[in-house]
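Following: one structure in structure tokens, then a few remarks.
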Amino acid sequence: MANNNPAIGIMGIADMFLIGFLFSHGKSPFLRLWERAVALFTVAP
Numbered sequence: 002m003a004n005n006n007p008a009i010g011i012m013g014i015a016d017m018f019l020i021g022f023l024f025s026h027g028k029s030p031f032l033r034l035w036e037r038a039v040a041l042f043t044v045a046p
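Residue numbering for the sequence shown follows our numbering, beginning at 2 and increasing consecutively.
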């Protein structure tokens with residue numbers, strides 16, 4: 002079960018990144034800030 006948690010987290014991050022990238026096309030500074038937060042989460046273990 003402990004091995005399943007990180008796998009789900011990675012998949013969730015990938016999903017968020019995809020959504021963030023799609024939203025990045027729009028002109029919203031708030032969404033861009035959110036995308037940067039997601040990038041920080043990806044760097045974090």
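All residues carry an ideal CB built from backbone N, CA and C; glycine is no exception.
Thinking just about the alpha-carbon of each residue, which of the options is nearest to the one in residue i?
i	options	result
Leu23	Ile11, Val44, Glu36, Leu41	Glu36
Would DSSP call residue i helix, strand or coil?
i	result
Gly21	helix
Met2	Model confidence at Met2 stands at a pLDDT of 44, short of 50, so the residue's coordinates are unreliable; what they give is reported in the following sentence. Here Met2 sits in coil by DSSP.
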